[in-house]
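These notes are about the structure you will find just below.
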Amino acid sequence: MQSIFFRIYMGMLLAILLITCLVALATYSLSKYRITEHIYHNYSGTFRLVGEGISRHKGANREQWLSAIERLSDLNFESHKFSERALTEHQIGRLLRDKFLYQVNTNLSTSQVYILLPEEQAYLSVQLNDYGTSLVRISAFLMLNELGRHKGEARVKALVKLRSLFDYPIQLQKLEALTIATSHKRTVKKGDIAVVLNVSGTNTPTLKAYAPLGNSSYTLVLGSIPFFDWFPLPLIVAIVLTILVLMAAASFYLVRPLEHRLASVDKQIEQIAQDKEITVTPQTGYDAISKLSNTVTHMATRIHKLINAQTDMIRAISHELRAPITRVRFQLAVLEPNEKLTSNIGGIERNLDELENLIDEVLTFSKLKAEKPLLHQEHLPVDEFLANIVALHKHAAGAIAVSISAIDSDIVWADPKYLQRAISNLLLNAYKYANHQVRLGFDCQASNYFIWVEDDGPGIPKENRQQVLTAFARVDESRDRKTGGYGLGLAIVQQIARWHQGQVLVESSELGGSKISLVWPKNNVLPVESTL
């Protein structure tokens, strides 16, 4: 048990460590992708406006304009040339195509933005330390700068252009009409930009910016702009479900070998229960399952040795009994007949016949139990098959009426030799106890075949119906002696049914006696050897 516990414990510990690493790596990659998408989706217009602003200014004006942006946003722009080779060729290609390039740093809390300069052989770089307030402030400043350059209709067109660059709403509203806190209104009146964070329930937080439009009474309103949420509810649910699924998979693969080993032990026990020869596979481990498997193997070996010894003894005794029976028959044959001995000789011969039949039945049953035949199954026409069996035992029926309930199209899949033996035993058993009538029938359901024999005899009590399927079972010993039964016929039927993966059912008959059915599946396959 300690070995099993240690292996499962260490396996789960390694699984937890591996799952933690996998989930962390996946979350890291997903967060990096989400940040990039968030910036490109909400602030690509901001970087385009920076590039356009740089293009409009030259020399000292450009430096002053950048300085104003740096003071407003607390950002620090640095100038680089392509010749410095700080960027890869792929990154430079994207920079030339999109006019800007955004990359998240390894720690995810900061990122780098590269903005192409008009000369196209140089670029600006700036580090972003957050993904919200700073970008919103610089966006508002750039929009004010763009709108401040125009008046009248030109300003309206500039506003339309800005709205085309950004996915969130951009509006001009009167400051008095805004429903914001008084402190934010005071900030706007002083000429500063007010950035407001809105958090409502389980929804993603949003940002709104309010910027004064020069000396006019209008205020530029940006947003709502989605605030970057590191762990939104869908992501948390996905992480939890991923951990549960991976833990379930790890548990499955840790327990699966144990299940296979237990299934192997169960198969051995099942083979013992069905009197099958088991495959000896000694276990080399020292855990509880290995010990159990070895114990079962040793027990099975011992049981089979005892069964083989018993079978050999039965065969030897049966063989030895035939010699004195033959001598008694010879001695009876040489006796001079007279009226006084004739009746006694007839009784002795009948007893000898019964003894020989008993020996044959015992040998047959012993061989059926010891050897597992390779079934040669084929499709059999039921009506013809049952009719041949009835004709074969016609002499045993006497005055009993026999009827068959089957049609020409009824077909079964079985071994004809063993099926004939089983049906013959059922039929002869019915002849022994029937008063006037015996009926054979066939039924085919969705997955099983049914062949049954019923009679109008005394029947079998319900509490004894399973007992009659056991070898040498005698429900009524006086009746068995009267009818000449040995308690082996139905046991042989039960064994043949098992070979076909079926069973024998004992029920009450509509005729008043017993109804015994042989039931087996349509798709039975038994890979066993030897023949009777």
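Take 1 as the starting number for the sequence shown in the UniProt record's numbering and just add one per residue.
All C-beta atoms in this analysis are idealised placements derived from N, C-alpha and C, irrespective of residue type, glycine included.
Counting every other CB atom within 10 Å of its CB across the protein chains shown gives G398 a total below 16, marking it as exposed.
Between the C-alpha atoms of D383 and I404 there is a straight-line separation of about 8 Å. Here F77 is not near L95, since their CB atoms are 7 Å or more apart.
Going by DSSP, I423 is part of the alpha helix (DSSP H) stretching over P416 to Y433. Taking a cut-off of 8 Å on C-beta distances, the segment 31-39 does not touch the segment 114-123, as fewer than three cross pairs fall below it.
In this structure, T206 sits away from F228, with a CB-CB distance that is not shorter than 7 Å. In this chain, the alpha helix (DSSP H) harbouring L66 covers G59 to S73. Around the CB of N425, 16 or more other CB atoms lie within 10 Å, so the residue is classed as buried. For the set E84, Y210, K432 and W520, the Cα lying nearest the Cα of Q173 is the one of Y210.
Within the same chain, Cβ atoms closer than 7 Å to the Cβ of D443 are found at F450, the five residues on either side in sequence being excluded.
DSSP, reduced to helix, strand and coil, places Y114 within a strand of the structure shown. Here the segment 139-147 does not lie against the segment 106-122, with fewer than 3 beta-carbon pairs under 8 Å apart. Within 10 angstroms of the beta-carbon of W520 lie 16 or more other beta-carbons, which makes it buried. One thing to note: L469 has its Cβ within 7 Å of the Cβ of L490. Cα atoms of L22 and Q112: separation of roughly 27 Å, rounded to the nearest angstrom. Segment contact: the segment 101-115 against the segment 180-199, fewer than three CB-CB distances shorter than 8 Å; contact not assigned. Judged by DSSP in its simplified three-state form, L332 adopts helix.
Here DSSP, grouped into helix, strand and coil, assigns E270 to helix.
The beta-carbon distance between V195 and V136, rounded to whole angstroms, is 5 Å. This is short enough to meet the 8 Å contact definition. Inter-residue distance for N448 and W413 is about 10 Å (C-alpha atoms, whole angstroms). Taking C-beta separations shorter than 7 Å and ignoring five residues to either side along the sequence, the partners of G132 in its chain run L207, F227 and F228, following chain order. Taking the C-beta atoms as reference points, S31 is found nearer than 7 Å to L108.
In the three-state DSSP reduction, G441 falls in the strand class (E or B). Around the beta-carbon of Q495, 16 or more other beta-carbon atoms lie within 10 Å, marking it buried. Here K515 is buried. Its C-beta has 16 or more other C-beta atoms within 10 Å. DSSP, read as helix, strand or coil, puts H500 in coil. Under DSSP, V221 takes part in a beta bridge, and its partners are Q171 and Y210. Across the structure, L332 and R322 are spaced so that their CA atoms are roughly 15 Å apart. Just measuring C-alpha positions, the residue of Y40, T46, T219 and I19 sitting nearest T179 is T219. Only residues of its own chain outside the window of five on either side were considered, and among them A15 have a CB closer than 6 Å to the CB of A250, listed in chain order. Each residue's CA atom was taken as its position, placing I4 and E259 some 12 Å apart. In the same chain as T110, and ignoring 5 residues on each side of it, the C-beta atoms closer than 7 Å to its own belong to Q127, L128 and N129, in chain order. Annotation: the continuous beta strand (DSSP E) that includes S403 extends over A401 to S405. Every unbroken stretch of the beta strand (DSSP E) spanning 3 or more residues and falling wholly within the segment 145-201 is given here in chain order: 170-174 and 194-198. Annotated three-state conformation of I460 is coil, per DSSP. Rounded to the nearest whole angstrom, the C-alpha separation of I345 and N308 is 38 Å.
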